[in-house]
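What follows is one structure encoded as structure tokens, with my remarks underneath.
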Amino acid sequence: MAMPVPERSSALLPAGERWTAADLDNLPDHGIRYEVLNGQLIVNAAPKPKHQFVLQSLQVGLLSVLPEGYWVAPGIGVLIGDDEPIPDLVVGLGERPMEERGVAVAQVVLAVEIVSASTTLQDRLVKPAVYAEAGIPNYWRIETNSFKGRLPGESVPVLFAHIRGENGEYELTHRISAGEPATLHSPFEFTIDPATLLR
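With the first letter of the sequence shown counted as 1, position 24 gets the number 24 in full-length UniProt numbering; the numbers rise by one all the way through.
In structure tokens, the structure reads:
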């Protein structure tokens with residue numbers, strides 16, 4: 001379950017009003033995923049198996065068509081000012097960040113979120129706004145469960161592909177439901193049938 005931590009621990013962090021990515025270095029490493037969004041510390045529970053299988057299938061699919069110079073990585077932080085959100089999957093361009101605490105936002109060409117019951121608000125509203133404002137050119141959201149706004153007869157998973165428009169906000173380019181393969185052209189050509197993500 002994702003939830004902001006209500007108070008900072010003075011034993012772990014210096015006094016201040018907002019959490020920063022640098023503050024994460026002072027937190028204990030107990031296998032818990034911490035991220036900073038808009039100055040708030042977000043603590044996420046371990047994802048469920050379905051989420052991880054969808055993530056793995058998408059990563060394998062992207063790796064099979066990845067152009068030269070691009071890389072794919074699950075669960076690494078994106079450094080955006082003092083924030084460090086962690087998309088479920090990142091596609092980057094250029095040198096892979098091997099020793100850094102996260103990846104510079106300027107390298108990220110695609111952020112992917114797989115919606116879970118505990119991350120619905122973050123994945124649908126908060127993170128896309130943060131990613132768009134930071135200049136990430138592509139955002140994909142994958143719905144694996146029934147959701148509000150699901151079309152009659154539409155099968156899950158459903159992939160929503162967005163491109164950052166001239167106004168700095170994401171614009172929906174594709175809504176791809178399971179059993180309806182489509183080809184995306186940004187950040188590179190990739191044909192997907194979301195049904196394959198659950199096989």
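Note that the Cβ used here is the ideal one computed from N, Cα and C, for glycine as well.
### Message
Measuring straight from C-alpha to C-alpha, what distance separates Pro74 and Asp123?
### Response
15 Å
### Query
Does DSSP put Ala45 in a helix, in a strand, or in coil?
Under the three-state reduction of DSSP output, Ala45 falls in the coil class, being neither helix nor strand.
### Query
For the candidate residues Glu169, Leu41, Pro87, whose alpha-carbon lies nearest to that of Ala111?
Pro87
#### Entry: Extent of the continuous alpha helix (DSSP H) to which Ala129 belongs
Per DSSP, the unbroken alpha helix (DSSP H) holding Ala129 starts and ends at 127-134.
### Query
Who does Thr183 pair with in a DSSP beta bridge?
Thr191
### Task
Pick out the complete alpha helix (DSSP H) segments inside the UniProt domain "Putative restriction endonuclease" (23-154), 4 residues or longer, and give them in chain order.
If we require 4 residues or more, the alpha helix (DSSP H) runs fully inside the UniProt domain "Putative restriction endonuclease" (23-154) come out as 49-63, 127-134.
### Query
Asp83: which of Glu171, Arg33, Val130 sits nearest, CA to CA?
Nearest of Glu171, Arg33, Val130 to Asp83, Cα basis: Val130.
### Task
Out of Leu93, Leu198, Val36, Asp23, state which residue places its alpha-carbon closest to the alpha-carbon of Ile142.
Measuring from the Cα of Ile142, the nearest candidate turns out to be Leu198.
### Beta-carbon gap between Ser186 and Asn138 smaller than 9 Å
yes
### Ala134 and Glu169 closer than 9 Å at C-beta
no
### Query
In chain order, what residues of the same chain lie with their CB nearer than 6 Å to the CB of Gly165, ignoring the 5 residues before and after it?
Excluding sequence neighbours, Gly165 sits near Glu171.
### Task
Work out the CA separation of Ile114 and Ser155 for me, nearest whole Å.
16 Å
### Query
Just how far apart, CA to CA, sit Gly102 and Ile76?
6 Å
### Message
So Pro67 and Phe188 are supposed to be a Cβ contact under 8 Å. How far apart are they, rounded?
### Response
With a Cβ gap of about 5 Å, Pro67 and Phe188 count as contacting.
### Task
Please go through the same chain and pick out, in chain order, the residues whose beta-carbon is closer than 7 Å to the beta-carbon of Gln59, but skip the five residues on each side of it.
Correct list, in chain order: Val72, Pro74, Leu89.
### Query
Would a C-beta distance cut-off of 9 Å place Leu62 and Val91 closer than the cut-off?
yes
### Query
Cα-Cα, which of Asn38, Ser64, Val105 is closest to Leu125?
Asn38
### Query
Can you give the Cα-Cα distance for His174 and Ala45, rounded to whole angstroms?
30 Å
### Query
Under 9 Å between the Cβ atoms of Ile136 and Val78?
yes
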